[in-house]
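Participant: One structure is given below, represented as structure tokens, and several questions about it will come after.
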Amino acid sequence: MKLQYSGQEQIPVDAGTVWTFVNDPDKVGHCLPELVEMTVHDPTHLDAVVKVGVGPVRGKFRFKFELQPDEAARRMNMKISGGGFGSALDLTAGADIVGVDASSTLLNWSGEAVMRGPIAAVGGRVLDAQARKLVEQTFANVRMTLSAVGP
Amino acid sequence: MKRKEDPRFLQGKGHYVDDVTLPGMLFMALVRSTYPHAEIKSIDISEAMKVHGVKAVITGKDLEAAGLGWLPTFHGLDKQMVLAIGKVLFQYQEVAAVFAETRAAAADGAEAVQVDYEPLPVVADPFTAKKDEVILRPDRETKTNHIYHWEVGDRDRTARAIEGSPKRVRQRIWFQRCHPAPLEPCGCVAEFDTMGRLQFHVTSQAPHVYRTAISIVTGIPEDKIHVMSPDIGGGFGNKVPVYPGYVCAIVGALKLGRPVKWIETRTENLTSTGFARDYHMDIELGATPDGRLTALRVSTAADHGAFDAAADPTKYPAGMFGVVTGSYDVPVAHAEVDAYFTNKAPGGIAYRCSFRVTEASYAIERAMDILADELGIDAVELRRKNFVKKEQFPYGSALGFTYDSGDYHQTLEKALETIGYQALLKEQAEKRARGELMGIGFSTFTEVVGAGPSKHFDILGIKMFDSAEIRIHPTGAGIVRTGAKSQGQGHETTWAQIVAEELGLDPQNIMVEEGDTDTAPYGLGTYASRSTPVAGAAIATAARRVREKAKKIAAHLLEVGEGDVEWTDYKFQVKGVPARSVTMKQVAFAAYTNPGPNEPGLEATNYYDPPNMTFPNGTYIAVVEVDRETGEVTIRRFLAVDDCGTVINPLVVEGQIHGGLTEGFAIAFMQEIQYDADGNNLNTNFTDYLVPTSLETPHWETANTVTPSPHHPIGAKGVGESPNVGSPAAFVNAVIDALSPLGVRHLEMPVTRDKVWRAIRDAEAGKT
């Protein structure tokens with residue numbers, strides 16, 4: 018099943034700082050909610066293990082991340098694939114970094130997730146809310162981490 | 047007589063494969079594909095091997111290296127990957143097998159196996175497959191998704207007859223993909239004993255075929271394989287194929303030198319083992335203005351999934367679909383089936399029906415109602431007008447079957463009288479006048495079962511005979527063994543009764559043993575309603591051979607020539623002298639103590655090659671009410687009048703009919719294995735694939751007529767599958783009859799309440 022999400026985060030730092038942040042796989046990885054472990058392979062690839070709960074099913078998902086920066090457009094695309102308990106998740110997400118002023122940046126993000134396996138069969142009953150939470154929380158964590166750093 | 051096996055089951059003393067526990071036994075879990083179509087870039091087992099208790103992991107490459115990468119499918123037209131090699135072709139396909147000390151460790155190990163997939167385009171229906179834009183099986187010589195074309199009948203004459211018919215109807219009818227869903231999923235325990243012999247406990251409907259197939263696949267000599275099928279918690283065709291998990295368990299037991307148990311989960315059973323149906327049928331009927339059929343034509347696209355694993359006889363890739371002319375005297379007909387590969391689970395098994403008979407029966411019974419509606423003729427009258435008449439039997443159908451016997455008019459009339467059809471019609475008219483939706487649906491089906499005559503039928507080249515061995519002990523008790531295998535059909539009762547009736551013995555003292563290939567004679571197993579038509583005939587014939595032998599011993603005891611002895615009133619007597627007689631019990635004792643000039647002992651074996659199929663039939667009537675506001679369908683009454691020939695045990699027959707009707711009800715209203723456009727299976731457990739409980743199941747009314755099969759030793763035709771074959775059309779016809787005042791002509795199964803509600807809403811919107 019396909020799930021689509023989008024949202025916006027307003028971050029109180031300049032666009033350059035945000036762009037540098039989202040190009041750092043270690044920093045992006047640590048924004049994943051319920052992160053258990055993470056391995057950065059190179060500037061654009063990392064593996065992560067996160068705790069996931071879908072309905073009564075709770076366990077770990079392993080993900081491979083690929084960052085695909087488009088510097089000219091100030092857009093960070095991400096390809097995320099992985100899964101767990103017999104299910105697979107393929108997620109493509111993109112974030113446009115739009116500088117508002119010297120101390121404020123908008124992060125406009127959208128994503129599409131494709132679920133396969135028993136979790137997909139659970140369907141909209143619980144999956145949509147869980148997946149949305151995962152994606153929204155990641156970008157919210159980006160904002161919170163950068164906000165803590167401050168302008 | 048009550049079922050002999052029931053006390054055991056009711057007291058929880060059944061012995062199923064998961065009850066088999068052996069010293070040192072390991073457990074197997076399978077890694078399954080999350081993708082419906084993807085290249086396997088790598089499989090990393092390193093983390094799995096670190097899981098506490100995991101002993102080994104095998105992959106497709108391991109099996110391929112050992113020459114065990116592929117498994118032949120049962121009707122010989124295809125082969126199936128045991129574990130995926132190179133790519134996966136359906137979601138939940140077997141990718142790797144993990145062996146561990148406990149079931150939990152095996153599951154944890156399977157979870158830890160990392161498979162890197164590269165997704166490929168998905169083909170999720172046969173019509174897309176037909177375009178050949180994505181070739182799913184490049185391993186095959188022919189680079190197409192088309193598996194086979196099969197046809198029967200006279201294409202040109204049928205076309206001319208249809209075109210020349212004053213009245214023609216045409217309808218696309220899809221018999222949805224469904225699943226037998228036995229409550230006990232598949233499983234096995236594999237062990238190589240101290241002699242190096244494979245001891246294989248398995249939930250199999252056809253143990254001997256398994257033994258032969260395992261030998262062919264693994265190269266283990268057949269004498270080194272012992273297959274034991276214990277009690278089975280439902281089969282319904284699902285336990286006929288040999289599944290990849292079985293091969294993996296055997297390989298694991300061989301590799302690790304320890305017994306291996308593998309029991310499927312519910313999800314594994316629903317997503318990877320043999321599904322049923324999935325036939326898209328374009329059916330056309332030609333008729334005269336007064337409703338006499340002139341021709342039938344049906345063209346079908348069959349979705350076979352990733353491998354052609356339909357367990358059909360070699361010469362019949364579309365099974366007995368040629369019975370699509372049903373109970374009707376159709377002058378000319380043509381049927382064709384084209385099968386395609388898709389990215390779905392393989393299968394196409396006979397779910398409680400003879401091969402593809404349910405699809406055929408549903409198509410003709412729906413089409414007859416559509417024709418009746420368009421002609422403005424009562425559906426009963428149309429059927430009555432076109433039935434094969436009893437004096438026409440044996441009847442040669444336009445598509446090549448020779449129907450053995452039947453009296454369709456008698457069965458219909460009995461059903462009409464029993465249900466009170468005229469009163470129902472009156473009530474329906476009154477309700478329609480008030481805007482209420484009441485429907486009366488008929489299915490006057492004929493099925494073809496008892497495969498089958500060796501000149502036509504084989505599985506993997508093995509002719510579809512069946513067998514029986516009877517031994518009568520000195521005290522008059524006995525044992526009967528057959529090549530069939532009960533999964534709830536009541537063989538322990540029915541077989542004992544056949545022997546008892548033929549030999550004048552007490553059925554309570556006739557033991558029935560099946561499922562052990564070391565002791566039972568070779569047989570093709572139980573499916574496609576073949577037990578009583580074939581194995582039952584073998585039992586009766588073997589019993590008669592016992593009686594012939596007993597007659598010689600009786601002559602010795604009576605001190606007369608054999609020609610002077612007759613079998614009367616369940617005993618041997620001197621002809622015309624009832625006072626001089628001996629019972630079978632006395633003869634049995636003499637067979638071991640005083641056989642005279644005869645060979646000692648009292649036993650016989652028979653391998654029965656049926657001269658023809660049998661043709662059970664019936665009239666089923668469903669009466670429904672449809673709630674106009676919610677689309678809720680209420681089954682008010684359901685009557686099944688079956689003609690299965692000679693009835694051996696009425697209680698067993700009634701039980702079979704109740705079970706089959708409940709399954710037919712589920713198919714009509716609840717069950718579908720759905721795939722989304724991306725190839726995701728959406729019905730992976732019993733919360734999404736519904737099995738009716740006693741709360742939903744209607745009250746079943748049953749009755750019967752008897753036209754014995756002229757070629758069966760005791761006239762029996764088989765009944766286990768009639769209710770599943772016949773009932774879906776009755777249910778759907780009743781719902782459509784209820785909705786017909788709104789102009790609704792057809793709804794696809796399952797006829798869920800939302801589908802009915804939408805049909806009502808759309809119809810009413812169209813009117814306004």
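Respectively, the protein sequence lines represent chains B and F.
Everything in the first sequence is counted per this note's numbering, starting at 18 for the first residue and increasing by one.
Everything in the second sequence is counted per this note's numbering, starting at 47 for the first residue and increasing by one.
We put the CB at the ideal spot given by N, CA and C, even for glycine.
1) Using 8 Å as the cut-off, can you tell me whether the region 329-347 of chain F makes contact with the region 124-141 of chain F, which would need three or more C-beta pairs spanning the two stretches below that distance?
2) Output yes if chain B places a C-beta closer than 8 Å to the C-beta of F/Glu157; else output no.
3) Is it the case that the region 347-366 of chain F contacts the region 427-440 of chain F, given that we only count it when at least three CB pairs across the two stretches are under 8 Å?
4) Could you name the residues that DSSP lists as bridge partners for B/Asn94?
5) Based on Cα-Cα distance, which residue from F/Ile260, F/His537, F/Arg398 lies nearest to F/Glu559?
6) Could you check the C-alpha separation between B/Ser23 and F/His350 for me, to the nearest Å?
7) Please report the distance separating the alpha-carbon of F/Ala207 from that of B/Ser98.
8) Just grab the DSSP bridge partners of B/Gly128 for me.
9) On the DSSP letters alone, give me the boundaries of the alpha helix (DSSP H) that F/Lys96 sits inside.
10) Just to confirm the assignment, what range does the beta strand (DSSP E) spanning F/Tyr653 have?
11) Return the Cβ separation of F/Glu411 and F/Ala775 in integer angstroms, given the expectation that the two are a contact with Cβ distance under 8 Å.
12) Examine chain F for any beta-carbon lying closer than 8 Å to the beta-carbon of B/Arg75, and answer yes or no.
13) First and last residue of the alpha helix (DSSP H) that includes F/Asp783?
14) Interface residues of chain F around B/Gly101 at Cβ under 9 Å?
15) In chain order, what residues of the same chain lie with their CB nearer than 7 Å to the CB of F/Asn389, ignoring the 5 residues before and after it?
16) Using the Cβ count rule (16 or more neighbours within 10 Å means buried), how would you classify F/Thr814?
17) Measuring only between beta-carbons, confirm whether F/Asn726 sits less than 8 Å from chain B.
18) Would you give the residue range spanned by the alpha helix (DSSP H) that F/Cys224 belongs to?
19) Write down every uninterrupted run of the alpha helix (DSSP H) in the region 157-244 of chain F whose length is 4 residues or greater and which is fully enclosed by it, in chain order.
20) Grab the span of the alpha helix (DSSP H) containing F/Glu315 for me, first residue to last.
21) Taking beta-carbon pairs under 9 Å, can you tell me which members of the region 127-138 of chain F lie near chain B?
22) When the cut-off is 8 Å and only beta carbons count, does F/Thr814 lie next to chain B?
23) From F/Ser489 to F/Ile667, what does the alpha carbon distance come to, in whole angstroms?
24) May I ask you to list the residues that DSSP assigns as paired with F/Leu819?
25) With a CB to CB cut of under 6 Å and the five nearest residues on each side skipped, what residues in its chain are close to F/Ile260?
26) So with Cβ pairs under 8 Å, would you call B/Gly134 a contact of chain F?
27) Spell out whether any CB of chain B is found under 8 Å from the CB atom of F/Arg149.
28) Taking F/Arg817 as the query, report the chain B residues whose CB atoms sit under 7 Å from its CB, ordered along the chain.
29) Am I right that F/Ala461 and F/Thr748 are in contact with their C-beta atoms under 8 Å? What's the rounded C-beta distance?
30) For the beta strand (DSSP E) holding F/Thr572, just list the boundary residues, first then last.
31) Could you say if the region 282-293 of chain F and the region 223-239 of chain F meet the contact criterion of at least three C-beta pairs nearer than 8 Å?
32) Which whole-angstrom value describes the C-beta separation of F/Ala514 and F/Pro567, a residue pair presumed to lie in contact below a C-beta threshold of 8 Å?
33) Between which two residues does the beta strand (DSSP E) harbouring F/Pro624 extend?
34) For the alpha helix (DSSP H) holding F/Phe55, just list the boundary residues, first then last.
35) If you measure beta-carbon to beta-carbon, which residues of the region 288-314 of chain F are closer than 8 Å to chain B?
36) In terms of residue numbering, what span does the beta strand (DSSP E) encompassing F/Phe684 cover?
Facilitator: On the basis of the data shown:
1) no
2) Taking the second sequence and counting its residues from 1, the one referred to as residue 157 of chain F is at position 111. Judged by the 8 Å Cβ criterion, F/Glu157 is in contact with chain B.
3) no
4) In the first sequence, residue 94 of chain B corresponds to position 77, counting from 1. Note: B/Asn94 sits in a beta bridge opposite B/Gln85, B/Gly111.
5) The residue given as residue 559 of chain F occupies position 513 in the second sequence. Nearest option by C-alpha distance: F/His537.
6) Here residue 23 of chain B refers to the residue found at position 6 when the first sequence is read from its first residue. Here residue 350 of chain F refers to the residue found at position 304 when the second sequence is read from its first residue. Roughly 39 Å between the two C-alpha positions.
7) One-based indexing of the second sequence puts residue 207 of chain F at position 161. One-based indexing of the first sequence puts residue 98 of chain B at position 81. Their Cα atoms are separated by approximately 58 Å.
8) Counting from one through the first sequence, the residue named residue 128 of chain B turns up at place 111. Per DSSP, B/Tyr22, B/Ala110.
9) Within the second sequence, numbered from 1, the residue matching residue 96 of chain F stands at position 50. Counting along the chain, the alpha helix (DSSP H) containing F/Lys96 begins and ends at 92-96.
10) Numbered from 1 along the second sequence, position 607 holds the residue referred to as residue 653 of chain F. Unbroken beta strand (DSSP E) run through F/Tyr653: 649-654.
11) Against the second sequence, residue 411 of chain F aligns to sequence position 365. Against the second sequence, residue 775 of chain F aligns to sequence position 729. About 3 Å separates the beta carbon of F/Glu411 from that of F/Ala775, a gap short enough to meet the 8 Å contact definition.
12) By one-based count along the first sequence, residue 75 of chain B stands at place 58. Output row for B/Arg75: interface = no.
13) Mapped onto the second sequence, residue 783 of chain F falls at position 737. Note, F/Asp783: alpha helix (DSSP H), 768-785.
14) Numbered from its first residue, the first sequence carries residue 101 of chain B at position 84. By Cβ distance, chain F contributes Glu157.
15) Within the second sequence, numbered from 1, the residue matching residue 389 of chain F stands at position 343. Same-chain partners within the cutoff: Pro82, His83, Leu135, Phe136, Val168, Val169, Ala170, Leu182, Ala352, Gly725.
16) In the second sequence, counting from the first residue as 1, residue 814 of chain F sits at position 768. With a pLDDT of 41 at F/Thr814, under the threshold of 50, the modelled position of this residue cannot be trusted; read the value that follows with caution. F/Thr814 is exposed by the Cβ-count criterion.
17) Indexing the second sequence from 1 puts residue 726 of chain F at position 680. Cβ-Cβ to chain B under 8 Å: yes for F/Asn726.
18) Locating residue 224 of chain F in the second sequence gives position 178, where the first residue counts as 1. Looking at the DSSP string, F/Cys224 is not in any alpha helix (DSSP H); the run it does join, the beta strand (DSSP E), is 213-224.
19) 172-176, 201-209
20) Counting from 1 along the second sequence, the entry for residue 315 of chain F is found at position 269. The amino acid occupying residue 315 of chain F in the given sequence is Asn; Glu does not appear at that position. Unbroken alpha helix (DSSP H) run through F/Asn315: 312-318.
21) The residues in question are Gln137, Tyr138.
22) Here residue 814 of chain F corresponds to residue number 768 of the second sequence, with the count starting at 1. In this prediction, F/Thr814 scores a pLDDT of 41, lower than 50, which makes its location untrustworthy; no coordinate-derived value is stated.
23) As a working note, residue 489 of chain F is residue 443 in the second sequence. As a working note, residue 667 of chain F is residue 621 in the second sequence. Using only the alpha carbons, I get a separation of about 7 Å.
24) There is no way to answer for residue 819 of chain F, as the model of chain F reaches only from 47 to 814.
25) Counting from one through the second sequence, the residue named residue 260 of chain F turns up at place 214. So the qualifying residues of the chain are Ile271.
26) In the first sequence, the residue the question calls residue 134 of chain B occupies position 117. Yes, B/Gly134 lies at the interface with chain F (some Cβ there is under 8 Å from its Cβ).
27) Along the second sequence, one-based indexing puts residue 149 of chain F at 103. No, F/Arg149 lies away from the interface with chain B (no Cβ there is under 8 Å from its Cβ).
28) Residue 817 of chain F lies beyond the residue range present for chain F, which begins at 47 and ends at 814; the question has no answer from this structure.
29) One-based indexing of the second sequence puts residue 461 of chain F at position 415. One-based indexing of the second sequence puts residue 748 of chain F at position 702. No, F/Ala461 and F/Thr748 are not in contact; Cβ-Cβ is about 11 Å, not under 8 Å.
30) Counted from its first residue, the second sequence places residue 572 of chain F at position 526. It is not in any beta strand (DSSP E) - F/Thr572 carries neither H nor E in the DSSP assignment.
31) yes
32) Mapped onto the second sequence, residue 514 of chain F falls at position 468. Mapped onto the second sequence, residue 567 of chain F falls at position 521. F/Ala514 to F/Pro567, Cβ: 7 Å. Contact.
33) For the purposes of this step, residue 624 of chain F is taken as residue 578 along the second sequence, with counting starting at 1. Taken as a continuous stretch (DSSP letters only), the beta strand (DSSP E) holding F/Pro624 covers 623-629.
34) For the purposes of this step, residue 55 of chain F is identified with residue 9 of the second sequence, where counting begins at 1. First-last of the alpha helix (DSSP H) with F/Phe55: 52-56.
35) Thr313
36) In the second sequence, the residue the question calls residue 684 of chain F occupies position 638. Segment 679-689, the beta strand (DSSP E) holding F/Phe684.
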